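Those letters in the sequence shown? Residues 34 to 376, by the numbering used here.
Ideal Cβ positions, reconstructed from N, Cα and C, are used throughout, including at glycine.
As the structure is a computational prediction, the values presented were derived from the model and not from experiment.
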Amino acid sequence: MEILKSRWQTLIWFGILLALLASAAGYFYWANRPFTLEQLTPVDTPTLVQTIKLSESGRAMAWNARGDRLAVAHTSPLSLAKGIVSIYSLDGICLRQLEIKFDDVGIVDKLEWHPTKDILAVSYRETLILWSVDGTIIKRIDNGMNSTYQNLLWNQNTNELAIVEYYSYNNNYYNQITLFNEKGKIIRILPQKFKLISSIEWYNKFILIINGYDAVYTFNITTGELQKLINDAYYSIDIEANHNLIVGNIKADAEKLTIWQNGIIRTVPIPGFSGCSQAISPDGNYTVLYKPSLFSILNHRTQQIELYSAIEVDHSTTVEWHPSKLILAVLTYDEIQLWQLPE
34 MEILKSRWQT LIWFGILLAL LASAAGYFYW ANRPFTLEQL TPVDTPTLVQ
84 TIKLSESGRA MAWNARGDRL AVAHTSPLSL AKGIVSIYSL DGICLRQLEI
134 KFDDVGIVDK LEWHPTKDIL AVSYRETLIL WSVDGTIIKR IDNGMNSTYQ
184 NLLWNQNTNE LAIVEYYSYN NNYYNQITLF NEKGKIIRIL PQKFKLISSI
234 EWYNKFILII NGYDAVYTFN ITTGELQKLI NDAYYSIDIE ANHNLIVGNI
284 KADAEKLTIW QNGIIRTVPI PGFSGCSQAI SPDGNYTVLY KPSLFSILNH
334 RTQQIELYSA IEVDHSTTVE WHPSKLILAV LTYDEIQLWQ LPE
């Protein structure tokens with residue numbers, strides 16, 4: 034009887050030990066599991082949820098369409114010589130580095146992910162490369178000595194890549210837009226020549242919004258019709274096409290923000306602001322404004338400017354919204370901070 038009792042006690046203690054080990058293993062896994070956005074719960078104030086340390090300083094970044102990868106262009110002399118772009122997972126792992134040799138330097142002017150595929154378009158001023166995420170070059174296009182690439186943007190509906198080229202030839206200076214497909218083949222070169230294009234944004238399948246030298250225009254790539262949408266010259270604009278929303282910072286008065294929505298234009302005073310950067314959230318409720326040492330957000334629901342001193346920015350800071358969530362990536366020199374905003 035005593036022997037049987039002793040065996041039962043041994044089994045019980047063994048079971049307790051197994052339970053403790055399983056609990057510890059579960060806790061260890063939970064505490065060290067890879068970071069994903071699905072883990073996040075709603076917040077009441079902007080909250081830092083992840084910090085990604087970069088191998089070296091970065092100057093530009095872009096989310097992929099799924100929102101689970103970030104591409105970062107680097108700025109060190111070695112990276113510029115090879116035009117290095119790193120691809121990071123959200124748990125901070127560098128999955129791949131894309132690099133290519135240049136005769137001079139490979140300064141990345143812009144990088145944009147394809148709307149549905151793992152294809153990254155990178156403009157290196159005088160070279161355009163379409164990269165596959167595995168590091169394969171799909172297409173490399175070298176410009177002539179008389180032109181440089183300045184802007185590029187994928188059409189979310191047609192998968193066409195619009196690129197602004199700056200030409201300087203025989204003392205003539207102008208911009209022209211070229212359309213490529215996802216394999217890097219030229220679909221067509223739009224015949225119109227523009228005096229100056231600061232930026233372009235797709236509005237729908239056929240309409241480009243152009244931030245020109247004297248106004249904001251709509252341009253129909255099918256008919257070639259150019260129409261003035263908003264008067265005055267703007268430092269920069271951003272567009273949220275799903276909400277028919279355009280936000281811009283006018284050059285003549287940097288302390289006013291112009292908001293165009295559904296054909297109605299209004300201005301919002303932003304005292305003390307002298308920056309020229311805006312980024313609209315995917316739900317159309319927030320617009321990020323920042324200048325050196327000041328980060329603020331325009332809440333479109335309350336029409337109030339909200340200041341957030343916890344988010345540190347400087348002249349080199351870049352921000353990018355997640356494609357579908359209220360997650361803001363903030364690139365500051367050698368790290369990317371992911372901030373979650375209230376729903």
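Check                                                                                                                                                                       : Outcome
In three-state DSSP terms, what is residue 86?                                                                                                                              : strand
Around the Cβ of residue 258, are there at least 16 other Cβ atoms within 10 angstroms (buried) or fewer (exposed)?                                                         : exposed
Use the C-beta contact count for residue 143: other C-beta atoms within 10 angstroms, 16 or more gives buried, fewer gives exposed.                                         : buried
Name the one or two DSSP bridge partners that residue 311 has.                                                                                                              : 322
Check for me: the beta strand (DSSP E) holding residue 117 runs from which residue to which?                                                                                : Taken as a continuous stretch (DSSP letters only), residue 117 belongs to no beta strand (DSSP E), as it is neither H nor E.
Tell me which residues share the same chain as residue 5 and place their Cβ nearer than 6 Å to its Cβ, disregarding the 5 neighbours each side in the sequence.             : It is not possible to answer for residue 5, since the shown part of the chain is limited to 34 through 376.
Distance, Cα to Cα, residue 182 vs residue 172?                                                                                                                             : 15 Å
Taking the beta strand (DSSP E) that residue 213 belongs to, which residues open and close that run?                                                                        : 205-213
Can you check which of these residues, 135, 206, 316, 129, is closest to residue 115 by C-alpha distance?                                                                   : 135
Who are the Cβ neighbours of residue 252 in its own chain at under 6 Å, not counting the five residues just before and after it?                                            : 241, 243, 259
Can you tell me which of 351, 117, 255 puts its alpha carbon nearest to the alpha carbon of residue 108?                                                                    : 117
Assuming residue 287 and residue 353 form a contact by the criterion Cβ under 8 Å, report the distance between their Cβ atoms to the nearest whole angstrom.                : With 8 Å as the limit, residue 287 and residue 353 do not qualify as a contact, their Cβ atoms being about 22 Å apart.
Just to confirm my understanding: we take residue 271, look at its own chain, exclude 5 residues before and 5 after, and list those with CB closer than 8 Å. What are they? : 234, 279, 280, 281, 311, 312, 313, 320
Expressed to the nearest angstrom, what Euclidean distance is found between the alpha-carbon atoms of residue 380 and residue 249?                                          : Absent from the structure is residue 380, since the part of the chain shown begins at 34 and ends at 376.
Taking the beta strand (DSSP E) that residue 240 falls in, what are its first and last residues?                                                                            : 240-245
Assess contact between the segment 182-194 and the segment 154-168, defined as three or more Cβ pairs (one per stretch) separated by less than 8 Å. Is contact present?     : yes
Consult DSSP for residue 362 and reduce its assignment to one of helix, strand or coil.                                                                                     : strand
Using alpha carbons as the reference points, say which of 204, 89, 78 lies closest to residue 343.                                                                          : 78
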